[in-house]
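In the working numbering, the protein residues as written are 2 to 271.
Heads up, the beta-carbon is just placed ideally off N, CA and C, and yes, glycines get one too.
Below is one structure, written out as C-alpha cells, with a few remarks after it.
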C-alpha cells in the first residue's frame, strides 16, 4: 500500500492487493485478494470488490447514486472477480427504489470513461467501450458488448451476446444475439461473428438466423412472428427459446428494424 494513499482503518483489504498513491478507500469498502488499485482511485460506500480485479487511475467506484431521490440511505455496490475498470470509469451504488444494489458479475471490461449508474445489473464477460453509458436500472446480460460512446436508456435490457454498435442510443431492449446500431438504435441482424467466436455450433447459428428472419424480414408484427417461431419445428434450440422469452418478457419493447425496411414476402428456406 502506497503511504500516500488514504485508506480507512476499518476498510478490509485482501492479501496481495496493491493500492497506488493518492487513492481514497472508505470505511465500508471490502476489496478481495490480488487486486490492483491504481493511482488516485476513489472507492467509497458499501462496496465489495472481488479477487483479481484491476482498477486504473482516476476511476470512481461506489460513490452515491446520481439520483435526486437518494437521501443518503445505505445502499450497495457488489463487483465480482477478474473485472477491469480503466481510467475515469464511474460506477454508482444502488437506490432503495431500485432494490438497493448495483451488481456487476465476473470478467468484465469497462474501458475509459464508461459509466454504470445506480441499480444496474451487469452479467459476466461483458465489454463496455470508451464512454459507454448505462442509465439507472439497466440490465446487461452475459457476453454483451456496448460499444464506445453508446448510451442505454434507464430500465432497458441488453440481451446475452448482443452487440450494440458505437455511438448508438438504445431506448428499448436490445435483442440477444443481435446487432443493434444507430440513433435511435435498430436491429441489423444476427451477431454472427460474435457467436462464431464464442463457439456456437453451426446448427444453433442457423436456427437463430431463421428466427431473426421471422422477426426482421417477414411482414409479421412481433407477436405473430413469435408464434411462427414457436410453431416452426426447425427451431428447437435453447437459444431460440431464450430469444422468445426475452421478447415476451420485455417491459419497454424490443429494438426491431423499421417496418419500411422489412422485405415483402415469407421467410425463405435455406
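Identity of the residue in 187, 162, 90 and 134 nearest residue 254 by Cα: 187
Nearest-angstrom beta carbon gap, residue 114 and residue 89 [assumed within contact, 8 Å]: The beta-carbon distance between residue 89 and residue 114, rounded to whole angstroms, is 5 Å. This is short enough to meet the 8 Å contact definition.
Spatial distance of residue 178 from residue 162 (CA atoms): 5 Å
6 Å CB neighbourhood of residue 43 in its chain, flanking five on each side removed: 25 and 61
CB contact flag (residue 119, residue 81, <8 Å): no
Residue 244 versus residue 129 - alpha carbon distance: In this model, residue 244 and residue 129 are separated by some 22 Å (Cα to Cα).
Beta-carbon gap between residue 46 and residue 78 smaller than 8 Å: yes
Beta strand (DSSP E) runs wholly inside the region 35-91, at least 3 long, in chain order: 47-50, 61-64 and 77-80
Boundaries of the beta strand (DSSP E) in which residue 181 is found, first to last residue: 179-183
Cα-Cα separation between residue 100 and residue 174, rounded to whole angstroms: 20 Å
Same chain, Cβ closer than 8 Å to residue 155, five either side skipped, listed in chain order: 118, 136, 137, 138 and 139
Option in 250, 223 and 208 with minimal Cα separation from residue 233: When only C-alpha atoms are compared, the closest one is 208.
Rounded Cβ spacing between residue 168 and residue 151 (contact assumed at less than 8 Å): Residue 168 to residue 151, Cβ: 6 Å. Contact.
Length at least 3, wholly inside the region 150-206: the beta strand (DSSP E) runs in chain order: 179-183 and 186-191
Contacting residues, own chain, Cβ-Cβ under 7 Å from residue 3 (five flanking each side not counted): 20, 21 and 22
Straight-line Cα distance separating residue 246 from residue 14: When rounded, the distance between both Cα atoms is 41 Å.
Residue interval of the alpha helix (DSSP H) (run including residue 230): DSSP places residue 230 in the uninterrupted alpha helix (DSSP H) bounded by 223-232.
3-residue-minimum beta strand (DSSP E) runs that sit fully inside the region 93-125, ordered along the chain: 102-105
Cβ-Cβ distance between residue 190 and residue 217 below 8 Å: yes
Proximity of residue 126 and residue 144 at Cβ, strictly below 8 Å: yes
Reference residue 195; option with closest CA among 184, 180, 106 and 12: 180
Where residue 240 falls, given that 16 or more other Cβ within 10 Å makes a residue buried: buried
Residue 256 - containing alpha helix (DSSP H), residue span: From DSSP, residue 256 is part of no alpha helix (DSSP H); its letter is neither H nor E.
Cβ-Cβ separation, residue 142 to residue 159 (assumed contact under 8 Å), whole Å: The pair is a contact, with the Cβ atoms about 6 Å apart (cut-off 8 Å).
Sub-8 Å separation of residue 106 and residue 132 beta-carbons: no
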